[in-house]
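Everything on this sheet refers to the single structure shown next.
2 protein chains.
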Amino acid sequence: MPTDVAARLRAQGYRVTEPRLRVYEVLRTADGHLTADEIADALAHGAEPTTLSSVYRALAVLDELELVRSSRLTDGDASHWELAHPDEHFHVVCTSCGDVDHHRGSLVSVIEDHLRDGHRFEPEEITVLVRGTCARCRGVADSA
Amino acid sequence: MPTDVAARLRAQGYRVTEPRLRVYEVLRTADGHLTADEIADALAHGAEPTTLSSVYRALAVLDELELVRSSRLTDGDASHWELAHPDEHFHVVCTSCGDVDHHRGSLVSVIEDHLRDGHRFEPEEITVLVRGTCARCRGVADSA
DNA sequence: GTGGCTGCAAACATTTTGCATAACT
DNA sequence: AGTTATGCAAAATGTTTGCAGCCAC
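Next up, the structure:
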C-alpha cells in the first residue's frame, strides 16, 4: 500500500473529496511531471470534469500534507507537479528529449553536511536541477 | 574592469542602448537578486524612467550574452535576476531573513562528474537551491 | 538614412479568489 | 445540519508582444 491519501487527509482535518483523490491518482499513475493544466486535462476526459481551480486547490492541500511537490523544471513555464518522495530532490532534465530523471540523495546529504558543518547553515530543503543531454540523445547526435 | 557590457553587446550585433546598460548597472551595484519589477523601480527614480517591458527585453539580451542569469528563488514568486558568474550556481537562501548566499562550485563539479561518469549524462547547467536557516537567524532563535 | 530598440498599452499565461451551490462528515 | 470544498467566472500577477516613433549605427 503506497500511501493512504484518504487517511492522511482525514488525519489533518481535511475532507476526502473526489478532486483530491483524483488529482493524486493522476500524478501517481502518470508517474511524471505534470502541470496543473495537464492534470485538469487528464481529468476532463474521465467521468466528471474537475476544474482547473479545483486542481490548484487540491494540489495546495496535497502539498501541505507533503504528498506532492512542485518544481520549476523550465525557466518561464508553469510549475510541474509530482508525488513527493522524501529522498528525491534531484532532477535531471534532458533538454533534447524532455525526459526527467530522479536521482536519490547521496549527493544531497553531502551538500547538507557541508553547509551544516562548514557554514552553520541549517538546510531545510534542497533542490538540485541539472539540465543537459541524456545518454540516448547523445548517441543519436554523435557519430561514433 | 569587470565586464565591458558595451563591447559584448556590439560584438554580438546588438546595439548599445541606455536601458541595457542601466539594467546591467542596477544588477551590478545592487549586488543582489532583483525581480524585473524591482529593477524597473530602481530605474524609475533615476534620470529617465525605463519601462518594465524594456527591462524584460534588456534582461533577455543580457541573458543571451550570459551576462546575467535568472533564478526562481521562491516557489510562486517572480524570477530573480543577478549578474552571471560562471561558477556560482549554488544559491543558499535563508527563509528567515531572506538573505541569499552564493557558494562556489566544488560540489557542483562533484555532481557533474557523477552524472558524466556514472550515467553518461552530459550536464549543461546545474542549479542548486538550498532553503534553510542561516547562522545568524539560528543564533537569534536559539537560547544557548 | 535605416533597422533595430523603446515606450505604451493591450494580450497572454499561470495562479488565485469571491460567491452560490453541492458534498463530506 | 453544519461547514468545508467545488465550479464558474472574474481578478491578480508576471511576462510577452504589436505598433508607432526614436535612436544607435
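Protein chains in written order, with the working numbering: chain P, 36 to 179; chain G, 36 to 179. By construction, the Cβ of each residue, glycine as well, lies at the ideal position given by its N, Cα and C atoms. Nothing here was measured: the structure is a model prediction, and the numbers come from that model.
Under the three-state DSSP convention, the category T64 of chain P falls into: helix
Distance check for S144 of chain G and E160 of chain G, CA to CA, integer angstroms please. 11 Å
With a threshold of 16 other CB atoms inside 10 Å of the CB of G153 of chain P, please say whether the residue is buried or exposed. exposed
Host alpha helix (DSSP H) of D136 of chain P (start-end): Element bounds for D136 of chain P: not the alpha helix (DSSP H) but the beta strand (DSSP E), V135 to H138.
Close Cβ partners of R104 of chain P (< 8 Å) along its chain, the five nearest in sequence each way excluded: D98, W116, E117, L118 and A119
According to DSSP, is R171 of chain G part of a helix, a strand, or is it coil? helix
Cβ contact (3+ pairs, closer than 8 Å) linking the stretch 161-173 of chain P and the stretch 125-137 of chain P: yes
Beta-carbon spacing of A75 of chain G, V90 of chain G below 7 Å: yes
What residue from G:C132, G:S114 and G:R57 has the CA that sits closest to P84 of chain G's CA? G:R57
Is DSSP giving S114 of chain P helix, strand or coil here? coil
So, is the C-beta of P158 of chain P closer than 7 Å to a C-beta in chain G? yes
Does the beta carbon of G181 of chain G come closer than 7 Å to any beta carbon on chain P? Outside the displayed span of chain G (36 to 179) sits residue 181 of chain G, for which this structure offers no information.
Which residue from P:R139, P:L150 and P:S106 puts its Cα closest to that of D138 of chain G? Looking at the sequence shown, residue 138 of chain G is not Asp but His. Closest by alpha carbon: P:L150.
Return the chain-ordered list of same chain residues with a C-beta closer than 6 Å to the C-beta of D72 of chain G, the five sequence neighbours on each side being excluded. none
Identify, in the order they occur along the chain, each residue of the same chain with its Cβ nearer than 8 Å to the Cβ of L108 of chain G, setting aside the five sequence neighbours on each side. H68, H115, H126, V128, V135 and L164
Leaving out five residues on either side along the sequence, give the residues of the same chain with a beta carbon under 7 Å from the beta carbon of Y49 of chain G. V96
For S131 of chain P, which three-state DSSP category applies? coil
Rounded to the nearest angstrom, what separates L100 of chain P and L44 of chain P at their Cα positions? 8 Å
Three-state secondary structure (DSSP) at R43 of chain G? helix
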